[in-house]
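Numbering (the working numbering), first residue to last: 5 to 311.
Glycine included, every Cβ here is placed at the ideal spot set by N, Cα and C.
Report on one structure; see the data block that follows.
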């Protein structure tokens, strides 16, 4: 812990909510950097990506969780279990919901968890830029306020940043004295290989959209600076579950794989601040999401698969 001043405060905050409400987009907007995967597909976040925001004496440490959903395979069970673990080890939860949507089973489940733990929680109502009827927002605020005594309710838009300062202020109010846990210039505690693999996986989900389901894993086989040059060499293997998926990922004359690699490389260069030479390969591993051994090989923690 970086504990130079007792005036310094910090708070660990879990970002929770159902799939596709904009949790990762909101995290990226708060941090002013892209560390969490963003896609129009639900359930895109698999790892608990920690983002760190330090402003003045206050440090906020964010845990971005997968969306709450009914798991269909071992990977899904891992994702749901990671939500529960994240909620149990933080100072505050930020429940992200979509504007003009009534509380559903996922939200009610999380609120029950808050109650059982007497957990401080802030409600962030996202996507207010999409609202047609402003009255609907007041109804939604009243509905949620009747379910739980939230520390604050903040309408916000991850798309345009509206309400972001108010949200950050409320999150900072949850910080406790005791110093900072990370150096003040830290952005995330995720290894660079994990961030690189997530950048590639995001491009696949965006470019292939409906053709490719969630049966995609990306493993960074090599990542090292070229000797004497400001060039980062990265070798990546993309795993899919079917030969048909492999053909889609390669595309006609390799066009899709080239597109995926080009866009991923651009993101990596922006993030790592140097030239990147990226090589990507595609392999088929059938039904890997139901294989604990394969998921372990892909970097998931084996303890998360234990019942």
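In the DSSP assignment, residue 287 is bridged to 243. Counting along the chain, no alpha helix (DSSP H) covers residue 228; the unbroken beta strand (DSSP E) around it starts and ends at 221-229. Comparing alpha-carbon positions, the option among 64, 33, 17 and 26 lying closest to residue 184 turns out to be 64.
Cβ contact annotation for residue 224 (same chain, cutoff 6 Å, sequence separation greater than five): 197, 200, 201 and 240, in chain order. By the neighbour-count criterion, in which 16 or more other beta carbons inside 10 Å mark a residue as buried, residue 182 falls on the exposed side.
Within the same chain, and ignoring the five residues on either side of residue 35 in sequence, the residues whose Cβ sits closer than 7 Å to its Cβ are 55, 57 and 191.
Around residue 148, the same chain offers 127 as residues with beta carbons nearer than 6 Å, after the five sequence neighbours per side are excluded.
DSSP places residue 212 in the uninterrupted alpha helix (DSSP H) bounded by 196-212.
Per the C-alpha coordinates, the member of 177, 253, 232 and 23 positioned closest to residue 211 is 253. For residue 109, the enclosing alpha helix (DSSP H) stretches over residues 109-121. Cβ neighbours of residue 227 within its own chain (closer than 6 Å, five residues either side excluded): 197 and 238.
DSSP places residue 275 within a helical segment (H, G or I) once states are collapsed to three.
With respect to the 8 Å criterion, residue 160 and residue 166 are classified as neighbours on the basis of their beta carbons. Only buried fits residue 174, as 16 or more other CB atoms lie within 10 angstroms of its CB. Counting the other CB atoms within 10 Å of its CB gives residue 140 a total below 16, which places it among the exposed residues. Under the DSSP assignment, residue 174 falls in the alpha helix (DSSP H) whose first and last residues are 168-176. Per DSSP, reduced to three states, the secondary structure at residue 130 is strand.
Taking residue 121 as reference, the option from 152, 109 and 110 with the minimal CA-CA separation is 152. The shortest CA-to-CA distance from residue 134 to any of 155, 154, 102 and 146 is the one to 102. No residue range can be given for residue 151, since it is assigned to no alpha helix (DSSP H) and is classified by DSSP as neither H nor E. Taking C-beta atoms under 8 Å as the contact rule, residue 245 and residue 277 fail to qualify, at a distance of about 35 Å. In terms of Cβ geometry, residue 170 and residue 62 do not form a close pair [threshold 8 Å].
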